[in-house]
Amino acid sequence: MKERIAALLREGQAAARNGEKSKARRKFRAALALDSTSTIALLWLAWLNKDPRASLAYITRVLARDPNNPRAHAALRWARRRMLSTPRAPSPPP
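Residue numbers (numbering that gives the first Met the number 0): 0 to 93.
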């Protein structure tokens, strides 16, 4: 199973680097289905996600397991900047 997870992670990274974001997300989600604690898959999914809140959720999962992970902390700073720069949808009228 470790070989399959490693292959999915490699395929996901290659797809992301080639601009195939949907394919990359599928590969990383498949890796997470086999190993729900995969730091690599979680951080890539955070980066690939269009929704900053979803990105934060992935990063939080990494930090819950590994609070001193430097990549997760860098990703957290990046995600927080995204939150500040992403306009929120207006609230519906009452």
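Even glycine gets a Cβ: it sits at the ideal position worked out from N, Cα and C.
Treat the numbers as computed from the prediction; the structure is a model and nothing was measured.
Sorted by chain position, which residues of the same chain lie with C-beta nearer than 7 Å to residue i's C-beta, five sequence neighbours on each side aside?
i	result
residue 14	22, 23 and 26
residue 20	47
Using the three-state DSSP reduction, which class does residue i fall into: helix, strand or coil?
i	result
residue 36	coil
residue 19	coil
residue 82	helix
residue 49	coil
Ordered along the chain, which non-local residues of its own chain (more than five positions away) have a Cβ less than 8 Å from that of residue i?
i	result
residue 78	45, 51, 54, 55 and 58
residue 65	38 and 71
residue 30	4, 7, 8, 11, 37, 39 and 40
residue 82	51, 52 and 55
Rounded to the nearest angstrom, how far is the Cβ of residue i from that of residue j, given a contact under 8 Å?
i	j	result
residue 3	residue 41	Wrong, their Cβ atoms sit about 17 Å apart, outside the cutoff.
residue 68	residue 61	6 Å
Span of the alpha helix (DSSP H) holding residue i?
i	result
residue 66	Premise fails: residue 66 is in no alpha helix (DSSP H) and is neither H nor E.
Cutting at 6 Å between CB atoms, please list the residues of its own chain near residue i, excluding the five before and the five after it.
i	result
residue 10	26
residue 74	42, 45 and 58
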